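First the structure, in the form of structure tokens, and then the observations on it.
2 protein chains.
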Amino acid sequence: MKDCNGRDALDCLLSPRSIAIVGVSSDFNKLNGRVMKFLLEKGYNGKIFPVNPKYEEVGGHRCFAAIGDIGEAPELAVISVPAKVVPEQLEAAGKAGVRAVIVFSSGFGEMGEEGLEKERQVVEIARRHGMRLCGPNTLGVINAFEGAFATFTQYGMGSTNPGPVGFVTQSGAFGTAIAALARKRGLGLGYFANTGNETDVTFADCLGRIVEDPRITTLAGYIEGITDGPGFVSVARRAMELGKPLVVTKVGRTASGARAASSHTGALAGEDAVFDGIARQHGVIRARNEEHMLDIVDMSTTTACPAGRGVGIVTQSGGAGVLMSDRAEEVGLNVPQLSEETVARLRDILPAFGAAGNPVDVTAQFIADPSMLKESVKAVLDDPNVHVAAVWLQLMDGFVDTLTRTFRELKEETDKPFVVSWVAAPEEGLRALRELGICALRGAEPTIDAIAALVDWEEARQARLADTAAPSDPPALPAPGPGFVPTEKSVSLLHDAGVPVARVGLATTCEQAIEHAERIGWPVALKIESPDILHKTEIGGVEIGLKDAESLRAAYERITGRAAKAAPQARIDGVIVQEMGSGTVEMVIGLRRDPGFGPVVMVGMGGILIEVQKDVVFNRAPVTEAEASRMLDKLKGKVMLDGVRGAPPVDRAALCRMISAVSRFGAASADWLEELDLNPVLAGPDGVIAVDCLLISEN
Amino acid sequence: MKDCNGRDALDCLLSPRSIAIVGVSSDFNKLNGRVMKFLLEKGYNGKIFPVNPKYEEVGGHRCFAAIGDIGEAPELAVISVPAKVVPEQLEAAGKAGVRAVIVFSSGFGEMGEEGLEKERQVVEIARRHGMRLCGPNTLGVINAFEGAFATFTQYGMGSTNPGPVGFVTQSGAFGTAIAALARKRGLGLGYFANTGNETDVTFADCLGRIVEDPRITTLAGYIEGITDGPGFVSVARRAMELGKPLVVTKVGRTASGARAASSHTGALAGEDAVFDGIARQHGVIRARNEEHMLDIVDMSTTTACPAGRGVGIVTQSGGAGVLMSDRAEEVGLNVPQLSEETVARLRDILPAFGAAGNPVDVTAQFIADPSMLKESVKAVLDDPNVHVAAVWLQLMDGFVDTLTRTFRELKEETDKPFVVSWVAAPEEGLRALRELGICALRGAEPTIDAIAALVDWEEARQARLADTAAPSDPPALPAPGPGFVPTEKSVSLLHDAGVPVARVGLATTCEQAIEHAERIGWPVALKIESPDILHKTEIGGVEIGLKDAESLRAAYERITGRAAKAAPQARIDGVIVQEMGSGTVEMVIGLRRDPGFGPVVMVGMGGILIEVQKDVVFNRAPVTEAEASRMLDKLKGKVMLDGVRGAPPVDRAALCRMISAVSRFGAASADWLEELDLNPVLAGPDGVIAVDCLLISEN
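If you read the protein sequences in the order shown, they are chains A and B. Letter by letter, the first sequence follows residues 1 to 699 in the UniProt record's numbering. Letter by letter, the second sequence follows residues 1 to 699 in the UniProt record's numbering.
Shown next, in the form of structure tokens:
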């Protein structure tokens with residue numbers, strides 16, 4: 001809801017025109033004195049209202065006994081009082097007309113059931129008064145452009161120049177460390193926001209506002225678990241539309257990490273592979289760790305995205321060139337052969353013992369003649385197969401001025417992007433390049449990794465821009481009732497949704513099974529049908545390739561006999577007769593419901609590959625056929641789809657249609673679907689078909 | 001050859017008692033003035049003999065017109081003259097009785113054929129005079145303990161405190177950068193050696209001498225390609241015996257990198273996977289890049305090797321704990337649940353909102369009460385499932401003294417190792433911990449990675465110590481003649497070597513084939529036999545599962561017909577009749593000859609897995625059965641061997657026996673074997689058998 005100035009509560013949180021500090025201390029060394037100290041030091045240009053009955057005045061500002069005494073409504077109130085008095089202070093803030101509150105106090109959801117109850121209470125108060133609530137258990141929010149340091153983070157101590165990076169973190173301590181690392185690199189943060197327990201304002205809420213600020217060109221995030229999936233996807237989409245890379249570190253990528261995360265945040269984290277798939281689906285750059293994230297952010301704030309995967313490498317060390325080539329290949333870039341013309345040009349530039357290939361080795365000679373370095377990089381960048389140059393240097397104490405001049409000229413004289421990889425660099429060298437808007441990273445591999453991340457991002461962005469057939473959410477399907485959905489019903493639902501599934505019939509007698517087989521056509525498979533036996537193969541409840549009535553009869557007896565023996569208590573609905581399919585590659589396709597993102601579609605390689613490597617990709621449902629195709633591209637086993645050992649390629653278009661159809665079914669059944677497993681799906685040169693299906697409904 | 005003082009030429013290179021500098025400059029800013037400058041500055045305690053007819057005196061030392069004028073034999077001569085006069089200076093050095101020479105000059109092997117000829121010439125001169133030659137094209141050698149800086153590396157500028165690390169590098173520029181990075185961390189290098197073109201003294205020669213120095217506890221290396229495989233293996237073995245970790249970065253791990261490396265060094269690099277396998281086989285720690293290497297070196301110089309894989313994580317940030325748990329799982333460590341006793345103890349120590357699990361979150365409260373941190377780490381280390389603690393901190397400007405005291409006490413009060421991961425640390429904090437002999441790294445993941453590397457190393461070392469059945473080299477087998485070895489002969493050789501291969505017979509008529517089948521037992525396989533058709537399947541030259549004479553006759557006609565059509569020029573020796581094997585898992589076993597390491601044995605997963613992921617492991621032949629078993633453990637698809645989808649486990653002992661037998665065959669045929677492919681090898685619960693074999697001989 002916007003006020004008469006067109007400002008809503010999130011504006012008041014992230015760009016407040018006035019701030020009340022409830023529970024302020026006049027001792028600026030104390031945590032609840034820090035906000036005041038920061039606001040004064042950082043030149044906050046809005047109004048400051050200290051609130052604490054103990055003081056008349058704090059930091060030269062009149063101090064109020066209660067927030068209601070101020071006489072006007074502060075846009076933002078920072079609450080820095082013990083947990084037990086937070087509710088009354090919130091009430092007071094609400095009554096005073098405050099629009100947004102930040103609650104520093106801990107002792108809420110992170111403390112178990114009792115804390116959760118207190119948390120529900122404070123959220124209720126905030127909602128009732130129409131206030132947005134950041135926290136509790138947060139370090140607060142910084143808008144560095146406006147000097148609005150509504151925070152007690154240690155990062156606030158020391159210089160905090162505003163810059164083009166908007167950073168939102170779910171962790172206070174780790175987020176502070178990342179912000180400090182950014183400062184060490186000379187990277188300016190325009191925003192720093194810690195969302196704490198996310199009882200109201202989420203990670204996506206903050207980023208969604210920050211992405212719109214034209215002073216921000218790059219977004220960075222530290223994530224422990226996404227609770228607001230749709231919000232996250234919206235921000236990702238918007239960032240892509242605006243051409244602003246969103247780079248995140250998300251922890252909890254392994255079972256150990258997820259266990260640690262859930263004990264840490266108390267929140268139910270969705271499966272990491274789901275986040276990973278959806279992030280990539282929407283062009284979010286996922287960094288391995290904080291340094292990797294900052295490398296990418298660093299490059300993106302200074303350097304144009306390369307227009308392709310060709311990297312020209314120029315070094316003063318053959319070995320570094322090899323290491324960069326290695327890494328480039330590993331991360332999907334290429335180190336193209338240079339054209340004859342480029343090589344000839346390089347030969348004229350370089351000393352006889354230099355190397356004019358790619359990587360180019362200018363040798364230590366360039367120290368005597370810096371133009372050799374500049375001209376080499378220019379020659380490489382002029383090569384049509386090169387889209388970005390990576391220049392490797394080491395040490396160079398005493399040559400910083402020369403190098404700075406060289407790189408300044410290089411920047412003026414070239415159009416394509418280049419990045420400097422400077423190992424054991426003198427600090428003043430890195431600073432000088434940053435001032436010129438040139439990206440300098442500290443190692444060969446980090447440089448190549450940052451390039452690859454931005455190239456991937458640009459490709460994802462182009463693919464999404466080209467993908468005009470955005471899938472519309474299909475109309476909702478009625479719930480089939482809770483639990484196991486009978487196979488005939490599942491197959492019928494899937495057929496209606498355009499998903500190719502082998503035809504089935506339920507038989508309660510052997511003769512009925514034979515009738516189904518005659519209708520479906522021999523050979524057929526028989527499978528025990530029971531809501532209590534979901535893993536039919538394990539109890540010998542499946543027989544395939546039955547060619548005639550005789551073999552069917554024998555199989556029928558065996559299957560029902562084994563089921564009765566293995567699961568005497570199970571309700572047996574009968575036996576499913578199923579059409580046999582064929583294909584050259586086994587796959588799995590399925591649907592899951594993620595707690596943060598809702599229905600997600602999964603595609604993976606089946607057969608033994610799923611045993612050896614969990615080779616699956618998730619996307620948020622629904623997906624277009626183009627998105628489905630990009631999912632397939634991310635499978636490690638994708639080479640199988642093209643046909644190996646003389647096998648023909650599978651009908652990829654049909655596979656993509658099927659994935660898209662399954663995903664639309666997932667979106668239509670979002671209200672009730674718990675899980676769908678099509679395993680195996682047989683893909684062949686003439687089409688695709690699921691030959692087993694298991695559908696579970698929540699209601 | 002040792003002299004009367006018991007010193008050989010490598011001692012004279014790496015620990016010279018006197019150094020002549022041939023081509024010295026009195027201008028210490030010039031490259032050929034640097035050695036003199038360094039020797040004076042670094043307090044070299046041996047004799048210095050400048051040699052240059054231009055000067056009477058350099059740096060206070062009498063300068064000689066020629067090396068022969070000195071009147072005594074310098075142990076080491078550094079040659080810093082243009083390439084074309086290197087030979088005459090080498091002759092003079094030889095005549096003067098010099099034991100070792102370092103040739104800085106470039107313009108040799110790295111310059112193509114002409115340079116190679118010059119290189120052969122200088123090597124010949126050195127050999128003739130019994131001198132060991134380091135270079136040419138090298139930055140030289142440092143023994144920092146003795147101030148012997150026989151080098152012009154930029155690393156020599158600035159402080160170079162000797163320390164427990166011996167570092168050998170094949171790259172000058174990259175090696176200099178790594179040395180500078182080590183200095184930035186406060187890591188002391190006792191030795192720095194750049195081997196340049198390795199015409200005589202190799203990487204392994206240098207390390208082999210350095211490993212024996214008791215002042216050295218850790219070895220580090222930068223490798224572009226190993227030319228002296230046996231030497232490398234000896235050093236690796238010796239380092240393990242002495243309990244000194246050897247950590248290397250090797251570039252050229254991808255095709256792009258290998259291409260770049262071969263154009264850079266001019267040397268034929270062996271396959272990277274071969275190096276990788278052999279390095280792990282001998283306990284060499286392979287780091288991804290320079291920072292990863294230095295992290296491991298850093299930890300190993302201060303911290304005892306953990307006795308197991310259990311990591312206790314103590315942080316001030318839940319998020320960092322999650323990231324470390326993630327990484328621990330990814331690199332094969334575990335983050336064990338703590339005992340009830342430990343948890344109870346932690347609950348007493350921590351604030352209510354801390355986390356007493358593993359990871360432990362002490363929260364920012366520990367700043368007020370540092371004993372909370374110390375006692376938490378102690379509690380975690382006392383847990384029987386924890387073998388090492390990782391403590392994560394950030395920033396802490398202003399708290400360095402407190403933390404230093406805390407960690408000093410912690411070190412005194414615990415026996416198990418711990419490592420500090422300190423993000424955005426104040427420099428003085430890192431320095432203080434280093435002075436206490438406590439390892440502090442700069443990030444969560446680097447810390448976990450370093451721990452994992454040392455745990456892996458210790459395990460490899462223990463395994464090797466336990467592996468008493470070191471394989472002896474079997475007696476050499478006579479060469480079977482160059483090229484394709486006929487299948488009957490190959491199978492017979494392999495049978496004699498104890499390798500289980502399906503029985504075969506060569507038939508030149510259909511009736512003869514039936515006779516073989518009767519002898520071998522039905523069913524059989526038929527395969528075209530021709531030295532010109534090595535990929536038989538591709539031309540339809542294989543049929544399997546032939547159950548009787550009738551089907552064999554038909555298959556015989558088809559196979560010979562297809563071969564005649566597909567390869568009309570091919571010499572056809574007949575048709576091989578082969579016993580059919582059975583198994584549950586397809587594997588490949590083979591032998592290769594590596595240019596640096598000689599015969600190597602390869603094991604991999606077969607079938608479609610080899611198409612999707614190149615899942616193979618190499619070791620140097622011969623290997624023991626225990627080594628074979630460790631090779632299997634490194635396969636990504638190893639889970640297949642235990643039986644998936646209800647399949648029984650394969651006979652792993654038989655598989656290991658087979659691998660060992662193949663490897664001994666490789667060692668016995670080292671003089672002539674080019675390649676052996678057993679593909680597929682069928683492994684099942686009742687044994688293993690190769691059902692196809694291809695053996696190629698060089699002579």
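For glycine and all other residues, C-beta sits at the position ideal for the given N, C-alpha and C. Please read these numbers as outputs of a predicted model, since none were measured by experiment.
| query | result |
| --- | --- |
| A/G156 classed as buried or exposed, judged by whether at least 16 other C-beta atoms fall within 10 angstroms | buried |
| Cutoff 8 Å: A/I689 Cβ touching any chain B Cβ | no |
| Partners in chain A for B/G252, counting only beta-carbon separations shorter than 7 Å | V322 and D326 |
| Element boundaries [beta strand (DSSP E), containing A/R286] | I285 to A287 |
| Within-8 Å CB hit, A/V85 to chain B | no |
| Beta-carbon neighbours of A/L187, restricted to chain B and to distances below 9 Å | Near A/L187 there are no residues of chain B at all, since even the closest Cβ is about 13 Å away, more than 9 Å. |
| Own chain partners of A/L116 with C-beta closer than 6 Å, once the 5 adjacent residues on each side are dropped | G109 |
| One or two residues paired with B/T169 in a DSSP bridge | B/N194 and B/Y222 |
| For B/Q394, the three-state DSSP class (helix, strand or coil) | strand |
| Proximal residues, the segment 92–121 of chain A versus chain B, C-beta separation under 7 Å | S106, G107, E110 and M111 |
| Residue(s) in a DSSP beta bridge with A/E543 | A/L526 |
| Cβ-based neighbour list, B/P417, same chain, cut-off 7 Å, excluding 5 preceding and 5 following | T303, A304, P306 and V388 |
| Under the three-state DSSP convention, the category B/V688 falls into | strand |
| Per-residue burial, B/G443 [other beta carbons within 10 Å of its own, 16 or more giving buried] | buried |
| Within-8 Å CB hit, B/L268 to chain A | Because B/L268 carries a pLDDT of 44, less than 50, the predicted location of this residue cannot be relied on, and no value is offered for it. |
| Distance between B/L454 and residue 702 of chain B (C-alpha atoms, nearest Å) | Lying before the first or after the last residue shown, residue 702 of chain B is absent from chain B, which here runs from 1 to 699. |
| Distance, A/F618 Cα to A/P685 Cα | 24 Å |
| Check whether B/P351 and B/M396 have beta carbons under 8 Å apart | no |
| Sheet register partners of A/G310 (DSSP bridge) | A/N334 |
| Within chain B, the residues that A/Y222 reaches when beta carbons sit closer than 7 Å | G319 |
| Of the residues A/E627, A/L441 and A/F665, the one placed nearest A/R652, counting alpha carbons only | A/E627 |
| Rounded separation between A/M631 and B/A255 - CA only | 27 Å |
| Residue closest to A/I533, alpha-carbon to alpha-carbon, out of A/A564, A/G521, A/K547 and A/A517 | A/A564 |
| Validate contact between the segment 156–167 of chain A and the segment 373–381 of chain B using beta carbons, cut 8 Å, 3 pairs | no |
| Secondary structure of B/E674, DSSP reduced to three states | strand |
| Interface residues of the segment 619–651 of chain B facing chain A [CB-CB below 9 Å] | K636, G637, K638, V639, M640, V644, R645 and G646 |
| Within-8 Å CB hit, B/T265 to chain A | Residue placement at B/T265 is flagged as unreliable, the pLDDT there being 49, under the threshold of 50; a coordinate-derived value is accordingly withheld. |
| CB contact check: A/L395 to chain B, cutoff 8 Å | yes |
| Between the CA atoms of A/P16 and A/R464 - distance to the nearest angstrom | 35 Å |
| Counted within 10 angstroms of its Cβ, other Cβ atoms place B/G606 as buried (16 or more) or exposed | buried |
| Three-state class that DSSP yields for B/F203 in the structure shown | helix |
| Proximal residues of chain B, C-beta to C-beta of A/Q365 below 7 Å | The contacting residues do not exist; A/Q365 stays about 10 Å from chain B at best. |
| Reduced DSSP secondary structure (H/G/I, E/B, other) of B/G140 | strand |
| Start-end ranges of the alpha helix (DSSP H) lying completely within the segment 594–645 of chain A, minimum 4 residues | 608–612 and 625–633 |
| For B/I696, the nearest candidate out of B/P680, B/W672 and B/N679 (CA to CA) | B/W672 |
| Backbone CA spacing between B/T265 and B/W522 [nearest angstrom] | Any reading at B/T265 must be qualified, since the residue scores a pLDDT of 49, below 50, and its modelled position is unreliable; the value itself is stated next. About 56 Å. |
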